[in-house]
Structure formats: structure tokens, C-alpha cells
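One structure is given here, and the rest of the page talks about it.
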Amino acid sequence: MKVQTTAIEGLLIVELDVHGDNRGWFKENWQREKMRAAGLPDFCPVQNNVSFNADKGVTRGLHAEPWDKFVSVASGRAFGAWCDVREGSDTYGELVTQELRPDIAVFVPRGVANGFQALEACSYSYLVTDHWSPDAEYTCVNLGMVDWPLEPTEISDKDKEHPALGDVSPMPPRRILVTGANGQLGRALQKFLPQAGLGPVEFCGHEDFDITAPPERPWRQYSAIINCAAYNNVNGAEEDRAGAWAVNAAAPAKLALIAAENNLTLVHVSSDYIFDGHHETHSEEELPSPLSAYGASKAAGDTAAQTAPRHYVVRTSWVFGDGANFMATMRSLANKGVKPAVIHDQRGRPTFAEDLAKGIIHLLKTGAEYGVYNISNSGDAVGRDEIAMAVFTGVGKDPADVTPVSTEQYRAIAGPEAPRPKESTFDLSKIEATGFTPMNWRAALTLYLGLYPA
Numbered sequence: 001m002k003v004q005t006t007a008i009e010g011l012l013i014v015e016l017d018v019h020g021d022n023r024g025w026f027k028e029n030w031q032r033e034k035m036r037a038a039g040l041p042d043f044c045p046v047q048n049n050v051s052f053n054a055d056k057g058v059t060r061g062l063h064a065e066p067w068d069k070f071v072s073v074a075s076g077r078a079f080g081a082w083c084d085v086r087e088g089s090d091t092y093g094e095l096v097t098q099e100l101r102p103d104i105a106v107f108v109p110r111g112v113a114n115g116f117q118a119l120e121a122c123s124y125s126y127l128v129t130d131h132w133s134p135d136a137e138y139t140c141v142n143l144g145m146v147d148w149p150l151e152p153t154e155i156s157d158k159d160k161e162h163p164a165l166g167d168v169s170p171m172p173p174r175r176i177l178v179t180g181a182n183g184q185l186g187r188a189l190q191k192f193l194p195q196a197g198l199g200p201v202e203f204c205g206h207e208d209f210d211i212t213a214p215p216e217r218p219w220r221q222y223s224a225i226i227n228c229a230a231y232n233n234v235n236g237a238e239e240d241r242a243g244a245w246a247v248n249a250a251a252p253a254k255l256a257l258i259a260a261e262n263n264l265t266l267v268h269v270s271s272d273y274i275f276d277g278h279h280e281t282h283s284e285e286e287l288p289s290p291l292s293a294y295g296a297s298k299a300a301g302d303t304a305a306q307t308a309p310r311h312y313v314v315r316t317s318w319v320f321g322d323g324a325n326f327m328a329t330m331r332s333l334a335n336k337g338v339k340p341a342v343i344h345d346q347r348g349r350p351t352f353a354e355d356l357a358k359g360i361i362h363l364l365k366t367g368a369e370y371g372v373y374n375i376s377n378s379g380d381a382v383g384r385d386e387i388a389m390a391v392f393t394g395v396g397k398d399p400a401d402v403t404p405v406s407t408e409q410y411r412a413i414a415g416p417e418a419p420r421p422k423e424s425t426f427d428l429s430k431i432e433a434t435g436f437t438p439m440n441w442r443a444a445l446t447l448y449l450g451l452y453p454a
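Everything in the sequence shown is counted per full-length UniProt numbering, starting at 1 for the first residue and increasing by one.
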């Protein structure tokens, strides 16, 4: 088996192994494992169609549909033609032709118009990645753009009326759905994701898309879900355990099922709170060991999201950006002249929401291997008190106004709190190996204080 590229990006010609003897022949027309190894995309068909063409000269097309196809012939020969009508494609308008025989099949990506002419009586077969629907978005191109080898003998009236290439409405790319779009990470993604070249983006707040009861969507028209929604009240989760579990654990399981059933990529944001903090740094291989109800709910969601075959579970810590966060609180206290007591024995590295968004975009754009990735800012691991001092310094206040206290001392001052990990520092070597280098947190803090004034 061989896979060859063509002048149309993503359109692939597949040379199949056909085994013949005096009885006839046999072939594996589609074999997922072998074809993936040969270079075909991970193709997950849900429907198989067969078009029998009784006479040579029967001509059909050109139809661009919102799903991928794998076309072949079960008997006879056909002349295939394909035209790229995908919006924004570098090969838009390109035409490719190829004779189809039992040993030649073609992978046709979504949005590439497909047509063929029977060179003899033939059975034309095609696997597709979505069920046919009259409500789906279709684009067609006139058959006249192709130099067919035979004079067409049969063309449907509908196919005769397809527009010329110059009058075609291009097929839009698949969309990305972002949940929790009004949070710090969601706002950062709104700033960077639409310009990333990954297709149109649908940003949803809770009122638009409740992840605990995901509304219906034409999911096959999406490429990815980025789940930024979360129950983030660490202390409140101790009393509202069911609420935290519904959002942080059960909901990611529902999104993972949607992703698995529709061949989507699921990006899910997890937390350092899934660990007990006994290790100085946390790798992606470390098993969850949560201390709190919040941490347990995040650990369960982390695990559930990994059941989606195409997943990026992104573990992060101490996020700050456009919204309420520790940095904003410290800046406000500094500007008010308050001298806070801040915990010194919970250590880690903070994460600028903009850098987290860029890391997620990097994973999607590069097609990095699916799995779990740690993403935080780089730099020295510090206590929360040192971060507070850096904020005070950044706004021109005396860092000595911050008083370091232990976790136990802080609880004596502020009252009972849910337990937190002592160590929240992530090992960043895996994300760095993909070519993404997180910014030093001190530089990110300086940017944050300038970009998001009080």
C-alpha cells in the first residue's frame, strides 16, 4: 500500500494491494491501522454508499460536502475529478483527475468537490465521516470544468445546473467551540485564537453553552472543543461538592463522549490542585492525589477528558489575566496601602492567561501528540508571598509591606480553608519539546501590569 499527495492539499491517492487468482480478486479496501501508518488521516467513517453506474459515460458531480470521503470502485473503472472549493485553502480552485480502478482509491477531504465518470459499468463506493442530511451545507461546481475522457451520456438535470467555479460559495472550515469564554483564559483565547488560522471560533459563556447539559450542535462541523469552563471556588467546593463535581468532573466526561463520537479534539484545562504537593515538581506521568473536594473534582475531570481519543489535557497553575485573580488582588491592596499577610509555604509558578492561550493554540496548530501537557510560565518556583512582593514592586510600592506567613498562621488569621498543595511547580519539559517555550513569570507579570491597568 502507498499513499501519494496531489496538487490539492489533503487529497491523497491510495494504491491498494489487490490479490488475484483464477477466482477473481480480493483487497482490503479500507484498513484503519495500515492506512494511518501509510500516511492517511485518522479516518472514522459512519456511512458507506455505493453508486452503481450501468453504462460508460455516466457522469456525476462535482459535489463538495461537509465531511471527508474515501472513494474507490468495487468493480469496473471510473475517471475521478476533484476541485478544491475550501474557503481559505492554499490550493483553492485546483483541479486533480485520476483513473479509479480496484487498486486505486482516493481520500477526499471535507470541502473538496468530488465527481466521476464511468469508463465502463462500475460500482463506485465511498465511505463518509458523517451521516447524510438534507440540512447539511453543500457546495457544487459545474462538470464543464473537467476535460472528461468520454462524451457524457447521462448527467442529472441538477448536476447540469451547478455554478462555474467563479460563482461558487466556498465551503467554510470546521469551527472551534470555546466554553467558559468569559473567564480569564476564555478572554485570552478571544484575543488570539481568531487570528491563529484554525478556522472560525464560537465563543460561549455559560448562558450560551452549559457544559453540565451540553446543547445539541452539528458536531461533525466542529474540529475541536476547548473547555475553559470550571467551578473555581476552592473553599466553596467543600460545602458544594455536588456542584463542583457536576462542572469539573461530570461535564468533561460528557464533552469527552461528544468528542469521541464525532472525531473532535478536546482541549480540557486541569489544575495543580489534583496533586497533594508532596513532590517538588509535577510531571505529566504523576498520578492524581487531591487534598480537597475541589481537587478531587478536577482530578476526575482530568481523567474523564483523557477518554477522548483526541485530547489535550492542559494542567496549569495560579492563572492570572483579564479578571479576578491573585495578582489583581495584590495590586489593589498595594494601591490602597494595605499590608497583607501572604502564605510563604505554598510554592509554584504562576501562569499568565495569554501565555496559556498561546500554548493551547500551539498544540492545536502543530498537531502535537495527543495527551497531557503541563503549561505554566517558566522561571523560579516561589511562594505566594514572593509573588505578592513582585506585584508590590511592579506598582511602585514597598515589597516589605508584604508579611510572609505559614499556611497555619494564615488560617488562624483568615479562618478555615480547603487544603492546598504545598508544591505546585510543573515540569515543563514535555511542552518545551514540542517547540513552545513558556515566558518567565516575572516578565509575564510585568506585561500583565502594563496591559491590564487597575
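By construction, the Cβ of each residue, glycine as well, lies at the ideal position given by its N, Cα and C atoms. Values in this document were obtained by computation on a predicted structure and should not be read as measured data.
Annotation: the continuous alpha helix (DSSP H) that includes Asp302 extends over 293-305. Out of Lys69, Arg110, Val106, the CA that lies nearest to the CA of Glu87 is found in Arg110. The criterion of a C-beta distance shorter than 9 Å is satisfied by Gly277 and Leu291.
For Ser75, the enclosing beta strand (DSSP E) begins and ends at 69-75. A contact is defined here as three or more CB-CB pairs under 8 Å, and the segment 114-121 meets this definition with respect to the segment 79-97.
Here the alpha carbon of Asp68 sits roughly 6 Å from the alpha carbon of Val128. Here the segment 328-335 does not lie against the segment 264-283, with fewer than 3 beta-carbon pairs under 8 Å apart. Fully contained in the segment 299-347 are the following alpha helix (DSSP H) runs of length 4 or more, in chain order: 326-336. By the criterion of at least three beta-carbon pairs nearer than 8 Å, the segment 141-154 is not in contact with the segment 191-202. When the Cα atoms are used, Pro252 and Gly383 turn out to be separated by approximately 31 Å.
Contact annotation, Asn335 with Ala246: C-beta distance approximately 37 Å; criterion of less than 8 Å not satisfied. Rounded to the nearest angstrom, the gap between the Cα atoms of Glu28 and Arg77 is 18 Å. By the criterion of a C-beta distance shorter than 6 Å, Val319 is surrounded in its chain by Gln184, Thr351, Ala353, once the five residues flanking it on both sides are discounted. Look at the segment 7-71 and you find these whole runs of alpha helix (DSSP H), each 4 residues long or longer: 32-38.
Contact check for Ser72 against Pro45 fails: the beta carbons are separated by 9 Å or more.
Pairwise C-beta distances place the segment 289-305 out of contact with the segment 162-182, as fewer than three of them are shorter than 8 Å. Gly450 carries a helical assignment under DSSP once its states are collapsed to helix, strand and coil. A distance below 9 Å separates the beta carbons of Ala305 and His268. In this structure, Ala38 sits away from Val85, with a CB-CB distance that is not shorter than 9 Å. For a cut-off of 8 Å, the C-beta gap from Asn374 to Trp441 is around 14 Å, too long to register as a contact.
The beta carbon of Ile8 lies closer than 7 Å to those of Trp82, Asp84, Thr91, Glu94, Val96, Val112 in the same chain, with the five residues before and after it left out.
Excluding residues up to 5 positions away in sequence, Arg175, Leu177 lie with their Cβ nearer than 6 Å to the Cβ of Glu202 in the same chain. Along the length of the segment 366-392, whole beta strand (DSSP E) runs at least 3 residues long occupy 371-374, reported in chain order.
With contacts defined by Cβ atoms closer than 9 Å, Val402 and Lys339 form a contacting pair. A Cβ-Cβ separation of about 6 Å places Val405 in contact with Ile343 under the 8 Å criterion. For Thr139, the closest alpha carbon among the candidates Thr393, Glu154, Gly396, Leu62 is that of Leu62. Distances from the CA of Ile413 to each of Glu154, Asp130, Ala341, Cys228 were compared; the closest alpha carbon is that of Ala341.
Ranked by Cα distance from Cys204, the options Phe192, Asn227, Arg220 are led by Asn227.
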